[in-house]
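Participant: Below are the structure tokens for one structure; questions will follow.
Numbering (the working numbering), first residue to last: 5 to 99.
The following block contains the structure:
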């Protein structure tokens with residue numbers, strides 16, 4: 005019931021920019037739909053291990069995820085198909 009009220013919470017979000025949040029561990033505990041999401045930028049968030057994304061989150065979108073390679077390797081995915089779905093989206097950056 006809690007999730008149903010939030011399904012459209014990020015319906016117009018195009019860019020998610022998170023920087024220098026060293027204690028941030030999660031954004032949301034379940035995957036969320038992001039129909040307009042184009043870019044996720046993560047910098048200086050070493051504790052962030054889970055993104056609210058799964059293989060259905062950004063279906064049909066050309067999503068780009070920008071972050072440090074060490075962080076990306078530690079991201080925990082809901083399942084293997086989600087990890088594989090977002091592999092081409094990642095663009096490593098050195099900050």
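From the three backbone atoms N, C-alpha and C, an ideal C-beta is built for every residue, glycine too.
Quantities reported herein were computed from a predicted structural model and do not represent experimental measurements.
1) Note the first and the last residue of the continuous beta strand (DSSP E) segment covering residue 94.
2) Whose C-beta lies closer than 8 Å to the C-beta of residue 13 among residues of the same chain, with five residues either side of it excluded?
3) According to DSSP, is residue 87 helix, strand or coil?
4) What does DSSP give as the partner residues of residue 70 in its beta bridges?
5) How many Å lie between residue 20 and residue 85 at the Cα?
6) Does DSSP classify residue 54 as helix, strand or coil?
7) Grab the span of the beta strand (DSSP E) containing residue 22 for me, first residue to last.
8) Would you say residue 54 and residue 73 are within 7 Å of each other, going by their C-beta atoms?
9) Could you tell me how far apart the beta carbons of residue 17 and residue 38 are, in whole angstroms, since I believe they sit closer than 8 Å?
Facilitator: With the structure as the only source:
1) 94-96
2) 36
3) helix
4) 45 and 95
5) 22 Å
6) strand
7) 19-23
8) no
9) 6 Å
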